[in-house]
Amino acid sequence: MEKKSTENGEAMDLSLLNVANPEDEQRIRNAFAERNWSDIKSSDSWVIFRVMAEFVEGFDKLAKIGPCVSIFGSARTLNEHKYYKIAEEIAANLVRKGYGVITGGGPGIMEAANKGANSEGGKSVGLNIKLPFEQHGNIYIDPDKSINFDFFFVRKVMFVKYSQGFIVLPGGYGTLDELFEALTLIQTRKIARFPIVLVGRTYWEGLVDWLYETMEVQEKNISPGDIKIMNIVDTAEEAVDVIERFYSKYLLKPNF
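Residue numbers (the numbering used here): 129 to 384.
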């Protein structure tokens, strides 16, 4: 069992970290070597200004953006994949209905959605996140509507604040993070309800069934009806129709 001595002399079992590979383990070791508790107080105080700067840039660029729908999904989806085509079609249809499109600004599903919006001459927004791997801005974002973020939480505020709906295609942890952020805010009434559409029944039904059967019925950790915040569809037409039907009944306005 490998152990590492911490600053106060206590032993830390590195086997408990469950790191994926030697490169990850080395990165963790370097992080412990480079930081101490006195560093944290001084450096974190200055982070406030970086956070403020990201909020200011986001608010300035998006304040008068008009009604938009955020489209989420995997950055790893290739352009020949059916979900890439569906995302592109969804975005194009939304623009024809008068909506702009907001994405995470990267490749895959995000690129497809920006491409669809761009093809129809609509607003194509990209909220890119700086990552050590995978993420880079795509070429279909309007130059004046491309924003780069260091902080995930600031970026998520922009998605919610300036979107009148979420359309979620198959993706990974990041996609789930964005989905459950919106579900939590709606469930706790921190924001008004807006339509959330999951595209791809075979991909999402297992998760939704678990939420209902385990969280709602068995454990009662969510309230009856919380599942109904989400709609599951298979086609681009169905996804856009959910948005249209919702706003045929409710006023289209900013979230907060």
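All C-beta atoms in this analysis are idealised placements derived from N, C-alpha and C, irrespective of residue type, glycine included.
Exposed unless 16 or more other CB atoms sit within 10 angstroms - verdict on residue i
i: Thr134; result: Residue confidence for Thr134 is low, a pLDDT of 48 falling below 50, so the modelled location carries little weight; the figure read from the coordinates is stated next. Answer is exposed; the Cβ neighbour count stays below 16.
i: Met129; result: With a pLDDT of only 45 at Met129, under the threshold of 50, the placement of this residue in the model should not be trusted; the figure read from the coordinates follows. By the 10 Å Cβ count, Met129 comes out exposed.
i: Lys131; result: Because the pLDDT at Lys131 is just 47, under 50, the model does not fix this residue reliably, and the point stays unresolved.
i: Asn221; result: buried
i: Pro298; result: buried
i: Phe301; result: For the record, residue 301 in the displayed sequence is Tyr; it is not Phe. Exposed, because fewer than 16 other Cβ atoms sit within 10 Å of the Cβ of Tyr301.
i: Phe287; result: buried
i: Thr231; result: buried
i: Asn158; result: exposed
i: Asn149; result: exposed
i: Val345; result: exposed
i: Tyr378; result: exposed
i: Leu326; result: buried
i: Glu191; result: As written in the sequence, residue 191 is Ala, which differs from the Glu given in the question. So Ala191 counts as exposed.
i: Phe160; result: exposed
i: Phe261; result: exposed
i: Thr316; result: exposed
i: Val197; result: buried
i: Glu347; result: exposed
i: Gly249; result: exposed
i: Val179; result: exposed
i: Thr330; result: exposed
i: Thr205; result: buried
i: Val285; result: buried
i: Glu306; result: buried
Pair within 8 Å by beta-carbon distance, residue i and residue j
i: Ile392; j: Ser291; result: Missing from the structure shown is residue 392; the chain here goes from 129 to 384 and no further.
i: Lys176; j: Gly201; result: In the sequence as displayed, the identity of residue 176 is Ile instead of Lys. Taking 8 Å as the Cβ cut-off, Ile176 and Gly201 do not qualify as a contacting pair.
i: Val229; j: Ala240; result: no
i: Lys273; j: Lys189; result: yes
i: Glu216; j: Gly186; result: no
i: Ile360; j: Leu339; result: no
i: Arg224; j: Leu255; result: no
i: Gly334; j: Asp362; result: no
i: Met358; j: Ile350; result: no
i: Pro271; j: Tyr227; result: no
i: Pro235; j: His209; result: no
i: Leu364; j: Ile199; result: Residue identity differs from the one stated: residue 364 is Ala in this sequence, not Leu. Contact: no.
i: Ile257; j: Phe277; result: yes
Distance between beta carbons of residue j and residue i, contact taken as under 8 Å
i: Asn266; j: Gly233; result: 7 Å
i: Glu182; j: Phe308; result: At roughly 22 Å, the Cβ-Cβ gap does not stay under 8 Å, so Glu182 and Phe308 are not in contact.
i: Ala320; j: Phe294; result: Going by Cβ atoms, the distance from Ala320 to Phe294 rounds to 13 Å, so no, they are not a contact pair.
i: Val296; j: Ile324; result: 7 Å
i: Ile218; j: Val368; result: 6 Å
Unbroken alpha helix (DSSP H) run spanning residue i, endpoints
i: Phe280; result: Phe280 to Lys289
i: Phe374; result: Ala364 to Lys377
i: Met358; result: Taken as a continuous stretch (DSSP letters only), Met358 belongs to no alpha helix (DSSP H), being part of the beta strand (DSSP E) at Met358 to Val361.
i: Ser247; result: Ile237 to Ser247
Boundaries (first-last residue) of the beta strand (DSSP E) holding residue i
i: Phe277; result: Ser274 to Phe277
i: Asn256; result: Ser252 to Ile257
i: Leu339; result: Neither: Leu339 is in no beta strand (DSSP E) and is coded neither H nor E.
i: Leu326; result: Ile324 to Val327
i: Phe308; result: Taken as a continuous stretch (DSSP letters only), Phe308 belongs to no beta strand (DSSP E), being part of the alpha helix (DSSP H) at Tyr301 to Gln315.
i: Ile199; result: Cys196 to Phe200
i: Ile218; result: First-last for Ile218: Lys210 to Arg224, but that is the alpha helix (DSSP H), not the beta strand (DSSP E).
i: Gly234; result: Unbroken run through Gly234: none, as it is neither H nor E.
i: Phe261; result: From DSSP, Phe261 is part of no beta strand (DSSP E); its letter is neither H nor E.
i: Ile295; result: Phe294 to Val296
Residue-level contact to chain B via CB, residue i, 8 Å cutoff
i: Leu304; result: Of the protein chains in this structure there is only one, and it is not chain B.
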